[in-house]
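Asker: In UniProt numbering, the protein residues as written are 1 to 78.
Quick one: this structure, given as structure tokens, is what I'll be asking you about.
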């Protein structure tokens with residue numbers, strides 16, 4: 001993923017709270033990254049630039065990765 005500074009940081013894991021479609025209807029989802037580069041309110045753009053998402057909560061550290069709680073930025077809720 002990349003923020004405004006154009007630094008590429010690999011996603012190390014995805015964290016699912018429930019078995020549902022990730023990001024649908026404004027739901028949040030969690031991603032793990034290896035370094036604390038992003039913060040709450042940052043907008044991130046993955047390799048597929050059709051999608052972007054915002055960090056919506058303070059970044060958590062789980063002892064291995066920094067966990068970002070994110071929400072898709074879209075006008076389509078399905």
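Yeah, the Cβ is synthetic: ideal placement off N, Cα and C, and Gly gets one too.
Provide the residue span of the beta strand (DSSP E) that contains residue 70, from first to last.
Answerer: 66 to 72 is the span of the beta strand (DSSP E), which, as asked, contains residue 70.
Asker: Just verifying my parser: in three-state terms, what is the DSSP assignment at residue 11?
Answerer: It is a strand residue.
Asker: Looking only at its chain, what residues have a beta carbon closer than 6 Å to the beta carbon of residue 60, apart from the 5 residues adjacent to it on each side?
Answerer: For residue 60, where only same-chain residues beyond five positions count, the Cβ hits under 6 Å are 67.
Asker: Please state whether DSSP places residue 63 in a helix, a strand or coil.
Answerer: Residue 63 falls in the coil class under three-state DSSP.
Asker: Just checking my contact of residue 11 with residue 31 at CB under 8 Å: how many whole Å lie between their CB atoms?
Answerer: Right, their Cβ atoms sit about 5 Å apart.
Asker: Could you tell me the alpha carbon to alpha carbon distance between residue 29 and residue 16, rounded to whole angstroms?
Answerer: Their Cα atoms are separated by approximately 7 Å.
Asker: What would DSSP say about residue 32, mapped onto helix, strand or coil?
Answerer: Correct three-state label for residue 32: strand.
Asker: Within the continuous beta strand (DSSP E) that includes residue 53, where are the two ends?
Answerer: First-last of the beta strand (DSSP E) with residue 53: 53 to 55.
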